[in-house]
């Protein structure tokens, strides 16, 4: 198949920052790309060859869009899977497949999948409605504390809450959800696995993620993770087993906990480019975005090792600011060695909204982490 400078059309469902960074690479390879997204202000709008407006959860919008492309991929999981299944039956190549997405989209189903496939994960209970949880606590079926997660449509800290008392349940949406044992962990780790239709598989180095305590969002991604080699091997092995179980094509980001006694438990997965791989743009031989394109088009996968140590800092909207965005002190961070900002192109900021990220590369990882903290304390995402 000739993908380059040809009539071939790649479709992407979702027009956010992950799509925009995929488009850096379709531009590099001159692959014709069509994007479907509900918002006219989407970051992808300026970089795609065709931009289509439509609701990603609407069957007709996804189906009609998919009929116009040769290969269809996603940059967000919340899409109409029934439409994808219909497209697959009609010969459109959909990666990741509808079956993979069905198992991942719903967190309760995702957790049951791990149990079914004998993959290590924290114990949990499943509830049809949040309102059932209080009864379970009162009757001894569930003990505090635990992590409440809505089964569907949660992302970036929304739809997740640590529940330490019955009071904490107030104000949570009354939806299908899970209550997961709170894991006392040493580290949150992630491994990105790339897999092509012909079965070629590669893993990126294990990364360590530091989270914001209130927003439940990643603040720093550190690559490679500062852990013992045997722990890193164990994390990679579990990521590969997970990838094999899902039989996915493209990227699979596997987020894991390293417990106090060095067990590795799967937290959750994302079948697409992921926040835990943004540092690969500057730090790796092949960025995760280029790798996703290579994988879904069944091209040879690129090298996954790092050229240099990398730390990624998320740029999120500062608390107390909503409106037209201003990146304060961006010039100051650009003076620092090895610092590259990526601005996503969202014109409006609000508290904790992901607006960009900054990569810091350095041969000395501890130095990179120090600079990352300086970056975090210097640049501010505020509004006019």
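Numbering (the UniProt record's numbering), first residue to last: 1 to 384. Every residue gets a Cβ at the ideal spot worked out from N, C-alpha and C, and that includes glycine. Bear in mind that the values here come from a model prediction, so they are computed numbers and not experimental data.
How many angstroms separate the CA atom of residue i from the CA atom of residue j?
{"i": "residue 18", "j": "residue 348", "result": "17 Å"}
{"i": "residue 96", "j": "residue 298", "result": "13 Å"}
{"i": "residue 66", "j": "residue 110", "result": "25 Å"}
{"i": "residue 268", "j": "residue 296", "result": "22 Å"}
{"i": "residue 284", "j": "residue 338", "result": "14 Å"}
{"i": "residue 261", "j": "residue 326", "result": "44 Å"}
{"i": "residue 179", "j": "residue 74", "result": "28 Å"}
{"i": "residue 200", "j": "residue 291", "result": "12 Å"}
{"i": "residue 350", "j": "residue 83", "result": "33 Å"}
{"i": "residue 364", "j": "residue 78", "result": "38 Å"}
{"i": "residue 54", "j": "residue 68", "result": "14 Å"}
{"i": "residue 125", "j": "residue 288", "result": "34 Å"}
{"i": "residue 310", "j": "residue 138", "result": "47 Å"}
{"i": "residue 243", "j": "residue 193", "result": "7 Å"}
{"i": "residue 195", "j": "residue 140", "result": "43 Å"}
{"i": "residue 22", "j": "residue 62", "result": "19 Å"}
{"i": "residue 249", "j": "residue 167", "result": "42 Å"}
{"i": "residue 235", "j": "residue 36", "result": "35 Å"}
{"i": "residue 258", "j": "residue 189", "result": "7 Å"}
{"i": "residue 163", "j": "residue 144", "result": "7 Å"}
{"i": "residue 336", "j": "residue 314", "result": "17 Å"}
{"i": "residue 70", "j": "residue 272", "result": "18 Å"}
{"i": "residue 91", "j": "residue 58", "result": "20 Å"}
{"i": "residue 253", "j": "residue 177", "result": "22 Å"}
{"i": "residue 93", "j": "residue 165", "result": "47 Å"}
{"i": "residue 346", "j": "residue 357", "result": "12 Å"}
Could you have a look at residue i and say whether DSSP puts it in helix, strand or coil?
{"i": "residue 43", "result": "helix"}
{"i": "residue 231", "result": "helix"}
{"i": "residue 210", "result": "strand"}
{"i": "residue 51", "result": "strand"}
{"i": "residue 178", "result": "strand"}
{"i": "residue 95", "result": "coil"}
{"i": "residue 220", "result": "strand"}
{"i": "residue 203", "result": "strand"}
{"i": "residue 327", "result": "strand"}
{"i": "residue 107", "result": "helix"}
{"i": "residue 189", "result": "strand"}
{"i": "residue 14", "result": "coil"}
{"i": "residue 374", "result": "helix"}
{"i": "residue 56", "result": "coil"}
{"i": "residue 2", "result": "coil"}
{"i": "residue 149", "result": "strand"}
{"i": "residue 9", "result": "strand"}
{"i": "residue 237", "result": "helix"}
{"i": "residue 100", "result": "helix"}
{"i": "residue 269", "result": "strand"}
{"i": "residue 379", "result": "coil"}
{"i": "residue 313", "result": "strand"}
{"i": "residue 194", "result": "strand"}
State the start and end residues of the unbroken beta strand (DSSP E) segment that holds residue i.
{"i": "residue 258", "result": "250-259"}
{"i": "residue 334", "result": "Careful: residue 334 lies outside any beta strand (DSSP E), inside the alpha helix (DSSP H) at 330-334."}
{"i": "residue 26", "result": "Unbroken run through residue 26 is the alpha helix (DSSP H), 17-29; no beta strand (DSSP E)."}
{"i": "residue 142", "result": "Where residue 142 is concerned, there is no enclosing beta strand (DSSP E), given that its DSSP letter is neither H nor E."}
{"i": "residue 160", "result": "160-163"}
{"i": "residue 386", "result": "A question about residue 386 goes unanswered here, because the residues of the chain that appear run from 1 up to 384."}
{"i": "residue 36", "result": "32-37"}
{"i": "residue 73", "result": "71-74"}
{"i": "residue 126", "result": "124-127"}
Where does the unbroken alpha helix (DSSP H) through residue i begin, and where does it stop?
{"i": "residue 294", "result": "288-296"}
{"i": "residue 136", "result": "132-138"}
{"i": "residue 84", "result": "81-89"}
{"i": "residue 281", "result": "280-283"}
{"i": "residue 345", "result": "No alpha helix (DSSP H) contains residue 345, which DSSP labels as neither H nor E."}
{"i": "residue 66", "result": "59-66"}
Measure from the alpha carbon of residue i to the alpha carbon of each residue in the options, then state which is nearest.
{"i": "residue 241", "options": "5, 118, 46 and 327", "result": "118"}
{"i": "residue 87", "options": "98, 377 and 228", "result": "98"}
{"i": "residue 323", "options": "384, 116 and 158", "result": "384"}
{"i": "residue 191", "options": "278, 237 and 206", "result": "206"}
{"i": "residue 355", "options": "317, 368 and 367", "result": "317"}
{"i": "residue 47", "options": "60, 63, 55 and 25", "result": "25"}
{"i": "residue 185", "options": "121, 279, 373 and 52", "result": "121"}
{"i": "residue 307", "options": "49, 90, 216 and 361", "result": "361"}
{"i": "residue 182", "options": "197, 166, 148 and 152", "result": "148"}
{"i": "residue 38", "options": "27, 380, 366 and 51", "result": "51"}
{"i": "residue 108", "options": "152, 81, 100 and 80", "result": "152"}
{"i": "residue 321", "options": "346, 344 and 381", "result": "381"}
{"i": "residue 274", "options": "4, 198 and 204", "result": "204"}
{"i": "residue 210", "options": "27, 9, 372 and 159", "result": "372"}
{"i": "residue 246", "options": "13, 334, 112 and 7", "result": "112"}
{"i": "residue 130", "options": "276, 231 and 150", "result": "150"}
Could you check whether the Cβ of residue i sits closer than 7 Å to any heavy atom belonging to the ligand COA?
{"i": "residue 333", "result": "Looking at this structure, you won't find the ligand COA or any other ligand, since it has none at all."}
The region 220-234 contacting the region 165-176, beta-carbon criterion three pairs below 8 Å: Per the Cβ contact rule, the region 220-234 is not in contact with the region 165-176 (fewer than 3 Cβ pairs under 8 Å).
Is there contact here, the region 12-28 with the region 37-50, by at least three beta-carbon pairs under 8 Å? A contact is defined here as three or more CB-CB pairs under 8 Å, and the region 12-28 meets this definition with respect to the region 37-50.
Three CB pairs or more closer than 8 Å across the region 128-136 and the region 274-289: Inter-segment contact for the region 128-136 and the region 274-289 is absent: fewer than three beta-carbon pairs are separated by less than 8 Å.
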